[in-house]
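S.K.:
In full-length UniProt numbering, the protein residues as written are 1 to 239.
1) Taking the alpha helix (DSSP H) that residue 184 belongs to, which residues open and close that run?
2) Rounded to whole angstroms, what's the CA-CA distance from residue 50 to residue 26? Just pull it up for me.
3) Ignore the nearest five residues each way along the sequence and tell me which others in residue 8's own chain have a CB closer than 7 Å to its CB.
4) Measure the C-alpha to C-alpha separation of residue 52 and residue 66 and round it to an integer number of angstroms.
5) By the three-class DSSP mapping on this structure, what secondary structure does residue 34 have?
6) Can you list, in chain order, the residues of its chain with a C-beta nearer than 6 Å to that of residue 92? Leave out the 5 residues immediately preceding and following it.
7) Since I believe residue 77 is in contact with residue 213 (beta carbons under 8 Å), could you give me their beta-carbon distance rounded to a whole number of angstroms?
8) Distance, Cα to Cα, residue 58 vs residue 71?
9) If the criterion is Cβ atoms closer than 8 Å, does the pair residue 187 and residue 110 meet it?
10) Could you pull out every residue in the same chain whose Cβ sits closer than 8 Å to the Cβ of residue 6, ignoring the five residues on either side in sequence?
11) Can you list, in chain order, the stretches of the beta strand (DSSP E) that have 3 or more residues and sit fully within the stretch 106-144?
12) Would you list the one or two residues that DSSP bridges to residue 168?
13) Pull up the DSSP beta-bridge partners for residue 152, would you.
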């Protein structure tokens, strides 16, 4: 079972190098608005030691105050019916073909696979939960329904990235590979030179105007392995 105090590190986790990105009280410590230096005054709130994204507000995306290179990120998330949000990583400033600079990076999609019109009944797997949005579809995932907690995990080691859901690896890819570049060229991301290639970047939680909950947000920095070997993330019981 998950700890009753969700935003908590065990002594073992501390030794392993884990850091909390949210202490259950003050998100401003580790997060800021994508458009400013402070945490948004509206759109995001803290309730019951949980970071809550409120629907239909103007909070906007939030990003970590610090950039990360090789890392393992874990968080619990809960969606309401038909909600859509996401976790972006290696977020950095890129210019599009029109010369406009945007903070952008690869996205671990979080969406209601059961009821959202764009993905329910197996539609558009490359935009379903756990996908690398628009590029790679997840495989063999097991999701809890909206209103229940799920765990998302991202392991980024050099150019090699893995997406995990509820203790199971659902996809792996290599940033900047020939296949990656070919897929990018088939999407709107082709407008951004070197999309997904940043050596380090911010972590971003997306405000897609739907209600979502986040807790137990933690990260540890990794020493890059030349092979980008999987760390074998341990399976967590979310029931």
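Don't be surprised by glycine CBs; every beta carbon is placed ideally from N, CA and C.
M.R.: Reading off the structure:
1) 178-184
2) 10 Å
3) none
4) 21 Å
5) coil
6) 198, 201
7) 7 Å
8) 30 Å
9) no
10) 24, 49, 50, 76, 215, 216
11) 107-111
12) 165
13) 75, 165
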